[in-house]
Amino acid sequence: MPFVVAIDGPAASGKGTIARAIAAHFGFHHLDTGLLYRATGVKGGDPVTAARGLMPDDLSRPDLRSAEAGQAASRIAAIADVRAALVDFQHRFAARNPGAVLDGRDIGTVICPQAQVKLYVVASDEVRAVRRARELNCDPADMLVQLQERDRRDSERAAAPMRPADDAVVIDTSDMSIDDAVATAIAAVDKAR
Ligand code: C5P
1 MPFVVAIDGP AASGKGTIAR AIAAHFGFHH LDTGLLYRAT GVKGGDPVTA ARGLMPDDLS
61 RPDLRSAEAG QAASRIAAIA DVRAALVDFQ HRFAARNPGA VLDGRDIGTV ICPQAQVKLY
121 VVASDEVRAV RRARELNCDP ADMLVQLQER DRRDSERAAA PMRPADDAVV IDTSDMSIDD
181 AVATAIAAVD KAR
């Protein structure tokens, strides 16, 4: 079985940065699974049909990073049939050699429970709001409200709620530099190899 690193956690916790760095360091493929939900959310129409018909081009739309796309994603991500429609693609990606890093909300718990390494990346609400507001050039107070709403929806839904796997290594990046967070994650992967 190829090597799989599953990385979950709330928005702007640093999981994407860590996922990209691990993939680059170990030469693994990387999938930001949030893009699947964002692309489904912004496509419009029936979300289950949108998820089933997702095309590679849909994942490179320039508007996927917006806060609106994040909110749309989190609304359609609560629908079990939408999630089911996206499982195959994620499983096929996780089977790629020599290894894959997938980041999202349910990778360690639902998509790849057999992953050799599971990380759960967190940071305080305030730190996350400031980070994301800087990226999107908007007001941190508004961002805080949006992130909290999205986290609540993601963690309280019945279908694959956001939570750490029992055997996940938790990394709190609130007071860490990017380099330190990446080094901690790389050490966790090294340990499992
Ligand atoms: O990670 P990102 O912020 O791009 O994810 C957008 C939304 O997609 C999340 O708020 C969540 O509702 C949904 N999502 C999910 N499961 C994943 C990845 C993302 O439900 N594995």
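With the numbering used here applied, the sequence shown has no gaps in its numbers, which climb one by one up to 193 at the end.
From the three backbone atoms N, C-alpha and C, an ideal C-beta is built for every residue, glycine too.
For residue i, the first and last residue of its enclosing alpha helix (DSSP H)
i: D103; result: Run containing D103: none in the alpha helix (DSSP H); it sits in the beta strand (DSSP E), 99-104.
i: T49; result: 47-52
i: T17; result: 15-26
i: I186; result: 178-192
i: V82; result: 80-85
i: A72; result: 67-76
Exposure of residue i, with buried meaning 16 or more beta-carbon neighbours within 10 Å
i: T33; result: buried
i: K191; result: exposed
i: P10; result: buried
i: G70; result: buried
i: T109; result: buried
i: I178; result: exposed
i: M55; result: exposed
i: A80; result: exposed
i: D151; result: buried
Which of helix, strand or coil DSSP assigns to residue i
i: A129; result: helix
i: D32; result: strand
i: D57; result: helix
i: L119; result: strand
i: P161; result: coil
i: Q248; result: Past the boundaries of the shown model lies residue 248; the chain is included only from 1 to 193, so the question cannot be answered.
i: A141; result: helix
i: R134; result: helix
i: G44; result: coil
i: A39; result: helix
i: Q90; result: helix
For residue i, the first and last residue of its enclosing beta strand (DSSP E)
i: V4; result: 3-8
i: D172; result: 169-172
Contact check, residue i vs residue j, beta carbons under 9 angstroms
i: A73; j: L31; result: no
i: A85; j: A39; result: no
i: S102; j: V5; result: Just to set this straight, residue 102 is Leu in the shown sequence, not Ser. Cβ atoms of L102 and V5: closer than 9 angstroms.
i: I18; j: A165; result: no
i: A188; j: L119; result: yes
i: R105; j: A160; result: yes
i: G45; j: R75; result: no
i: V182; j: H29; result: no
i: A123; j: A12; result: yes
i: F3; j: V117; result: yes
i: M162; j: D172; result: no
i: V130; j: G14; result: no
CB contact below 9 angstroms: residue i versus chain C
i: F28; result: This model lacks chain C altogether, as it is built from one protein chain only.
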